[in-house]
Each structure stands twice: as structure tokens, then as C-alpha cells.
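Chains as they are written, first to last, in this note's numbering: chain A, 545 to 1010; chain B, 568 to 645.
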């Protein structure tokens, strides 16, 4: 903050991330609307609260340990090195609070570091936190109408404040070991957010089982239709809108990217390699368009799947959307949702997996494929400015496996097995049949009856009725 | 008496660090936060289990189960 350009850069960056957080909030408005719209009337309140409480739980746990993990775990730890000191991100650090940056907060921090993190820590933490909510909310949609809220919230903390941020430290950090060793490239989080959340959702679904009535006696699936398609589609529109914030939050807005002499300010992706907001704006919209167009055809005009395919198109292209040509983004955005749509229905029929909103397909398979495709499309591109490593198909394929299976599927599979063995995963069968909101409605009827009785008593008292 | 780390805004800004009160209590606050978080989960688990147990008790009667399936209010206010 001791030079004009330095101060402007830091304060612009602070404001930039703050704006991304506001945009990304819309993702969660969208998720809530979408899930409630997709659930049946008897389960609305439970569905809404299950998703809503992700927000406070992941927020506090991301403060308690998630943020520190991102800076401390890029080496594994103990895959290519030790834990990395990150004093500004320790939850008891002075810099994890309102701070003017005036005096070094610890002996491990310089005055310049202190001044920088005092401004950036809160907004950068919040931007990552909103990614955390997204990862947890993706799981939420898949398991509606039969999971115990407490069980889901444990999974939400596991995915949102632990597993995904480890994968971010490994593969979405300029010094992450996956970047250094594998040349992993996933600029807008196809694998880092979507594949891991899809893998986690699949693991929970295996333990959870389908909703009562989802499959006929012969094993063929019934379509449990969304009770309110308008709420579902507006929810998805809001997720698209929030996705703008998600994309720009994946960038660093302004850095001098020129090595050696000279100065060249540019936006960069999270790996600190240059890109522009124009590039990602082109590609976000073209991949969305590709997904919508293909989704309409493959689903024969089904609104639910057309909207989901638009989202899946963006997710499928996101890994390389900092570098793709817009028409490449469109074509990838068209191909990926078609594969995911087919896979969803095949897995549903073959393995009796009841994914209520297609989250495993749209996010899990879409994210996995997006990372793999980026490995081929960007083969030979430098993965980093700092390390001499290239993007390769095998590096990104290994990365996709780590995201979906190692950090997404396995932790949630273990958690789901433990909860199931303790009979703490699924709601009682009788409650599922009558609906999760029945207690809620009964209490509401009690209150309504009470007020009606009070009104009648008052009417009698003043002589309006006898 | 001041709970803060500074008493006026007149000095050099570069001397001002934390703005929140009770600087030095961060570790204690952290432990308090962890207790609040874990305690919330325990409380919520008990609450949810108790709700389901109550509802299940009511739904044991076949008549009430039938009525509940039709959307009638059977869990309370009989």
C-alpha cells in the first residue's frame, strides 16, 4: 500500500473478489429454488432447509480449517514436500479478521505480506467459500427426499470444507503438486468443483438407495417429475447468472505477468498464467449455447434436461475455457452433455441409482470429461509460468480420476457406509411415505387453528357473531 | 479503558493492525467456535432423531398412517 499503483491494484483486487461473492450468492438462491421445485409437495420444507443450512455450516468450517488447507497442502503434504506455513490463513491469525495491515501479524510475515493479506484475505476467503457452498450444494440435489438432514450436513462439511479444498490445493494452486508433476490444467474447475462433487454424490447415492416408488418391480425407472417446473427453470437461470461470478472469481484480476524486464499487466487464471475476461466471456457463453442446443435435441425438448445440459456444457468446457476458441467451447459444450445424458439414464437403469436432479451426470461426468478433453485439446501448452511442465492427456486424465474418485467418491463412500451402519443415513420408511414436512405442517395447522380460534373469540366478544 | 488496540485515528495508519476488540483472544475464540460447531451437530442429531421417533410413534396406528398418506394432519392436534 506504499505506492499509488500498488495500493490501486490491491484495492481493485479486493473489490473485484467482493463483487464475485455477490454474484456467486445467486448460485445458491438458484440451488434452493431448483431443489424445492424438483421435490414433491410433501418434502418442500425439508428440502429447502437441507440446502440452506449448508451455508452456515460450510462457512464456519471453512473458516476453522478449510482456508488454511488451501495454502498448507499444495505439497500433499508429504507427496512432494512438507506442510507449507500459511500464517495469514490460520484461523487464530490476526489477519483472519478486520485488520489495517499496519504491523506484521506474526514473525513469519513481512510488512508487505501483512498489508496485502489484510486487504485480500477476507474477500479471497469468501470467494473460495462460495465455491465450497457450490460443491456441497451439488451433492444436496442428488439426495433429496430421503436423506437425514444431519447425515447430509456431515457430508456437506466433508466435501465443502475438506475434500474439495484439498483438491484445490493440489490441482488449483500455482504451486500444487498436481500442477508441478502432472501439468494438471482445470482453469474453471470442471474437476476441482464439479467432478469431485459428482463423485461424492454418487457415493452417497449408492448407500442411500432410491426413493420409494422410483423403480418398478421389473427394475425400470419411473420419472418422479418436478412439482414446479417454473421454479426449477428459474433456479437454473439463477445458477447460470451466478456462474458469471464463479468464472471471474477463478481469475486473478491484475498481475504483472512479464518475466524479466518490462511490465505487462493482465488478468490470469488461478495458475497465474495469462488470460483475459474477454476470453472467458466468449467461451462461457458459447459453451452454454452448445449445451442448450444439444440438450434440446437429445432430450427432445425436455425443459429440465435442456437447462441442465446448458449447465453441463459450461462445466464440460470449463477446464480449458481460458484458452479454447469459442467454437471449440461450443462444440465441447454440445458433446459433453449428450454423453452425460446417455450415461445418466444408463446408470439409472443398470445400477438403480436414483439421482433426483441429474447432479452426478451434469457435474460428475461432465466435470470428469471436461478435464480429460482439456488434456487432449491443450496438449503441449505450458501448464505453469513458474514450473517447466506441459499439459498432457495422461496428466489431466490422472487428475480427473483423483478429483472424481480419490477425493470425491472415496471419502463420501466411507462416510456413507459408517452412517448407514449406524442407521443414521436414511429417514424412516414411514416418514418418507407420508412426507418429510408432515410434522412441519402439523405444527403449522396447530398455529393456524390457534389464531382462528382467537379471532372467533374476539368476534364473539364484540358481538359480531354469537 | 479500551477494548481495542488503538485509541485514536491520528497517528500513522501503518502502525494500526487489528481493528477488532480483545486482540490476543483469537485462540480462545477459535476453541469457542469449534465447540459451538460440534455442539450444533450433536444438538441437531438429537433433535432430528427425537422428531422422527415421535412421528413414528404416531404412525404406528394403521388408521393414522392411512390418513397421513392422504395428507391429513395426524402427527399433532388430533
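Ideal placement from N, C-alpha and C gives every residue a C-beta, glycine not left out.
Remember, it's a predicted structure, so these values are computed and weren't measured experimentally.
Do the region 591-601 of chain B and the region 628-644 of chain A touch if we need at least three Cβ pairs shorter than 8 Å? yes
To the nearest angstrom, how far is it from the Cα of residue 644 of chain B to the Cα of residue 991 of chain A? In the second chain, the residue the question calls residue 644 of chain B occupies position 77. In the first chain, the residue the question calls residue 991 of chain A occupies position 447. The predicted position of residue 644 of chain B is uncertain, since its pLDDT is 43 and thus under 50; no value can be drawn from it.
Could you tell me which chain A residues have their CB closer than 7 Å to the CB of residue 580 of chain B, listed as they occur along the chain? Counting from 1 along the second chain, the entry for residue 580 of chain B is found at position 13. Those are 644 and 646, listed as they occur along chain A.
Once the 5 residues before and after residue 696 of chain A are set aside, which same chain residues still bring their CB inside 7 Å of it? Counted from its first residue, the first chain places residue 696 of chain A at position 152. Same-chain partners within the cutoff: 594, 684 and 687.
Distance check for residue 927 of chain A and residue 719 of chain A, CA to CA, integer angstroms please. Your numbering for residue 719 of chain A matches position 175 in the first chain. Your numbering for residue 927 of chain A matches position 383 in the first chain. If I take the Cα positions, the gap works out to 11 Å.
Quick one: does residue 611 of chain A have its CB under 7 Å from some CB of chain B? Taking the first chain and counting its residues from 1, one reaches residue 611 of chain A at position 67. No, because no Cβ of chain B sits closer than 7 Å to the Cβ of residue 611 of chain A.
Could you confirm whether any beta carbon from chain A is found closer than 7 Å to the beta carbon of residue 626 of chain B? Along the second chain, read from residue 1 onward, the residue named residue 626 of chain B stands at position 59. Residue 626 of chain B counts as touching chain A.
Any contact of the region 804-823 of chain A with the region 843-852 of chain A, i.e. 3+ C-beta pairs under 8 Å? no
So what's residue 850 of chain A in DSSP terms, helix, strand or just coil? Within the first chain, numbered from 1, the residue matching residue 850 of chain A stands at position 306. Looking at residue 850 of chain A - three-state DSSP - the assignment turns out to be helix.
When DSSP builds the beta bridges, which residues end up paired with residue 970 of chain A? Along the first chain, one-based indexing puts residue 970 of chain A at 426. Bridge partners of residue 970 of chain A: A/691.
Below 6 Å CB to CB, which residues in the same chain sit around residue 632 of chain B once its five sequence neighbours on both sides are set aside? Working through the second chain from its first residue, we reach residue 632 of chain B at position 65. Answer for residue 632 of chain B: 626, listed in chain order.
What do you reckon, are the CB atoms on residue 922 of chain A and residue 867 of chain A nearer than 7 Å? Residue numbering aside, residue 922 of chain A sits at position 378 when the first chain is read from its first letter. Residue numbering aside, residue 867 of chain A sits at position 323 when the first chain is read from its first letter. Closer than 7 Å, so yes.
If contact is defined by three or more beta carbon pairs under 8 Å, each pair taking one atom from either stretch, is the region 925-943 of chain A in contact with the region 581-589 of chain B? no
Compute the distance between the beta-carbons of residue 608 of chain A and residue 739 of chain A, then report whether it is under 7 Å. As a working mapping, residue 608 of chain A is identified with position 64 in the first chain. As a working mapping, residue 739 of chain A is identified with position 195 in the first chain. The answer is no: Cβ separation not under 7 Å.
With DSSP collapsed to three states, give me the class of residue 643 of chain A. Numbered from 1 along the first chain, position 99 holds the residue referred to as residue 643 of chain A. Strand, per DSSP.
Quick check on residue 652 of chain A: does DSSP put it in helix, strand or coil? Mapped onto the first chain, residue 652 of chain A falls at position 108. Three-state result, residue 652 of chain A: coil.
Use the C-beta contact count for residue 924 of chain A: other C-beta atoms within 10 angstroms, 16 or more gives buried, fewer gives exposed. By one-based count along the first chain, residue 924 of chain A stands at place 380. Result: exposed.
From the DSSP output, which residues share a beta bridge with residue 492 of chain A? Any property of residue 492 of chain A remains undetermined from this structure, which presents chain A solely from 545 to 1010.
Residue 999 of chain A: buried (16+ other C-beta within 10 angstroms of its C-beta) or exposed? Residue 999 of chain A sits at position 455 when you count from the first residue of the first chain. By the neighbour-count rule (16 or more Cβ atoms within 10 Å), residue 999 of chain A is not buried but exposed.
Continuous beta strand (DSSP E) assignments of at least 3 residues falling wholly in the region 844-897 of chain A: none
Pairwise C-alpha distance: residue 574 of chain A and residue 727 of chain A: Working through the first chain from its first residue, we reach residue 727 of chain A at position 183. Working through the first chain from its first residue, we reach residue 574 of chain A at position 30. Their Cα atoms are separated by approximately 34 Å.
To the nearest angstrom, report how far apart residue 618 of chain B and residue 630 of chain B are at their CA atoms. For this step, residue 618 of chain B is matched to residue 51 along the second chain. For this step, residue 630 of chain B is matched to residue 63 along the second chain. Roughly 20 Å separates the two Cα atoms.
Quick check on residue 714 of chain A: buried or exposed, where buried means 16 or more other Cβ atoms within 10 Å of its Cβ? If you number the first chain from 1, residue 714 of chain A lands on position 170. Buried: at least 16 other Cβ atoms inside 10 Å.
Determine, for residue 550 of chain A, whether the minimum Cβ-Cβ distance to residues of chain B falls below 7 Å. Sequence index remark: in the first chain, residue 550 of chain A carries index 6 (1-based). No, residue 550 of chain A does not count as interfacial toward chain B.
State the Cα-Cα distance for the pair residue 583 of chain A and residue 669 of chain A, rounded to the nearest angstrom. By 1-based counting over the first chain, the position of residue 583 of chain A is 39. By 1-based counting over the first chain, the position of residue 669 of chain A is 125. Going from the Cα of residue 583 of chain A to the Cα of residue 669 of chain A covers about 32 Å.
For residue 997 of chain A, is the classification buried or exposed, using 16 other Cβ atoms within 10 angstroms of its Cβ as the cut-off for buried? Working through the first chain from its first residue, we reach residue 997 of chain A at position 453. Looking at its Cβ environment, which holds fewer than 16 other Cβ atoms inside 10 Å, residue 997 of chain A is exposed.
For the alpha helix (DSSP H) holding residue 745 of chain A, just list the boundary residues, first then last. Taking the first residue of the first chain as 1, we reach residue 745 of chain A at position 201. Start and end: 740-752.
Could you confirm whether any beta carbon from chain B is found closer than 7 Å to the beta carbon of residue 641 of chain A? Translated into the one-based positions of the first chain, residue 641 of chain A becomes position 97. Residue 641 of chain A counts as touching chain B.
From A/973, A/993, A/982 and A/1003, pick the residue whose C-alpha is nearest to that of residue 752 of chain A; which is it? For this step, residue 752 of chain A is matched to residue 208 along the first chain. With distances taken between Cα atoms, residue 752 of chain A lies closest to A/973.
Starting from residue 945 of chain A, trace the alpha helix (DSSP H) in both directions and tell me its first and last residue. By one-based count along the first chain, residue 945 of chain A stands at place 401. It spans 937-945 - the alpha helix (DSSP H) in which residue 945 of chain A sits, taken as one unbroken run.
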